[in-house]
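Asker: Counting in the UniProt record's numbering, the sequence shown runs from 1 upward without gaps.
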Amino acid sequence: MAFNSTTPHSKFERDFDPLSPPGSYSLDPDGLKLFLDKPDGKIVRKGRTNSKIADGATFNSTFTVRYGKVTYSFDGPAVPGVVTAAILLGTFRSPTPDRDEIDIELLGGDPSHWQTNVFAPAPSEDQPLYSAFSSVQTYPHNPKSVASTHSYAIDWSPERIVWSVDGTQVRTLLKADTMKNGVLHYPSHPSRLQFGIWDASEEEGTSEWAHGPIDWDTAPKRMAAVFSSIQVECPY
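(1) Which ranges does the beta strand (DSSP E) cover as unbroken runs of at least 3 residues, wholly within the segment 77-149, from first to last along the chain?
(2) In three-state DSSP terms, what is A219?
(3) Quick one: what's D199 bridged to in DSSP?
(4) Hey, out of P121, E159, M223, whose CA is closest to H185's CA?
(5) Considering only the alpha carbon of each residue, which of T138, Y72, F119 lies closest to Y130?
(6) Count the other C-beta atoms from every protein chain shown that fall within 10 angstroms of the C-beta of E101, then say buried if there are 16 or more, exposed otherwise.
(7) Just how far apart, CA to CA, sit T138 and G90?
(8) Name the one or two DSSP bridge partners that D37 has.
(9) Per DSSP, what are the beta-bridge partners of A210 in this structure?
(10) In three-state DSSP terms, what is D177?
(11) Give the DSSP-derived three-state secondary structure of S191 in the structure shown.
(12) Mind the definition here: the segment 185-201 touches the segment 46-63 only if three or more C-beta pairs lie below 8 Å; say whether that holds.
(13) Helix, strand or coil for R66? Go by DSSP, reduced to three states.
(14) Can you give me the Cβ contacts of K33 inside the same chain, cut-off strictly under 7 Å, excluding the 5 residues immediately before and after it?
(15) Can you give the beta carbon distance from V165 to S148, rounded, assuming they're within the 8 Å contact cut?
(16) Taking the DSSP output, what are the residues bridged to P8?
Right, here's the structure in full:
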């Protein structure tokens, strides 16, 4: 177990580092709350982007895993343009600045679905395959919304990745099925846990994917994703 609502602050601070300033998160009996606050000043919308981008809270684990099962129990705001993510992020840097990822993403603009993705860059490729292995998932059990707490799991072995929600497997990706351009794109490096909430309103393509930009005339000035627990198992 990495943490839950009874975890002492000292243990939590040993296992996880904030990448955002104090005040952007809080740890209380409900869990770890990650905040996304409306930027100060006037915000101008241009196409599918906003002139100012909100800063959201993000955490990294201080430890790494290489294969195993990680279960994140959390919720995210059902607000278009807001993304809540829980991923495994590789620590190995290839010749490109990109790193391995195994993703769980909640899009506030599509609250009845959640997304899974894998990204493992190949040095020989000119263009990263950011969405080649992405997939949209449904919720097999009620409540069917990103705004409700669900337990999302990544079960990662040397030969396959299985995603599940609330104990039900929804997707399996085999290592052999990640072959593109004659190269395998399968995450294989030690990875940190990373989880956070972010504003997808900065770039046109990203904002369109996230159903953004955030409409700050109607959205709450402060939004929160709540992580009630994270469990780590390393059976492989």
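Just so it is clear, CB atoms sit at the ideal spot from N, CA and C, and this is done for glycine as well.
Answerer: Working from what's here:
(1) With a minimum length of 3 residues, the unbroken runs of beta strand (DSSP E) contained wholly in the segment 77-149 fall at 82-90, 101-107, 113-119, 135-138.
(2) As a working mapping, residue 219 is identified with position 219 in the sequence shown. DSSP places A219 in coil when its eight states are reduced to three.
(3) Locating residue 199 in the sequence shown gives position 199, where the first residue counts as 1. Beta-bridge pairing by DSSP links D199 to V82.
(4) As a first step, residue 185 is located in the sequence shown; it is residue number 185 there, counting from the start. Checking every option, the nearest Cα to that of H185 belongs to P121.
(5) In the sequence shown, the residue the question calls residue 130 occupies position 130. Of the residues T138, Y72, F119, the one whose Cα lies closest to the Cα of Y130 is F119.
(6) Start at 1 with the first residue of the sequence shown, and residue 101 comes out as number 101. Buried.
(7) Locating residue 138 in the sequence shown gives position 138, counting from the first residue. Locating residue 90 in the sequence shown gives position 90, counting from the first residue. T138 and G90: Cα-Cα distance of roughly 27 Å.
(8) Position 37 of the sequence shown, counted from the start, is the residue given in the question as residue 37. Bridge partners of D37: R222.
(9) Within the sequence shown, the letter at position 210 stands for residue 210. Per DSSP, none; premise fails for A210.
(10) Mapped onto the sequence shown, residue 177 falls at position 177. Taken through DSSP and simplified to helix, strand or coil, D177 comes out as helix.
(11) Along the sequence shown, read from residue 1 onward, the residue named residue 191 stands at position 191. For S191, the secondary structure class from DSSP, reduced to helix, strand or coil, is strand.
(12) The segment 185-201 is in contact with the segment 46-63.
(13) Start at 1 with the first residue of the sequence shown, and residue 66 comes out as number 66. In the structure shown, R66 sits in coil (DSSP, three-state: anything other than H, G, I, E or B).
(14) By 1-based counting over the sequence shown, the position of residue 33 is 33. The residues are Y25, S26, A224, V226.
(15) In the sequence shown, the residue the question calls residue 165 occupies position 165. In the sequence shown, the residue the question calls residue 148 occupies position 148. With a Cβ gap of about 11 Å, V165 and S148 do not count as contacting.
(16) For the purposes of this step, residue 8 is taken as the residue at position 8 of the sequence shown. In DSSP, P8 forms no bridge with anything.
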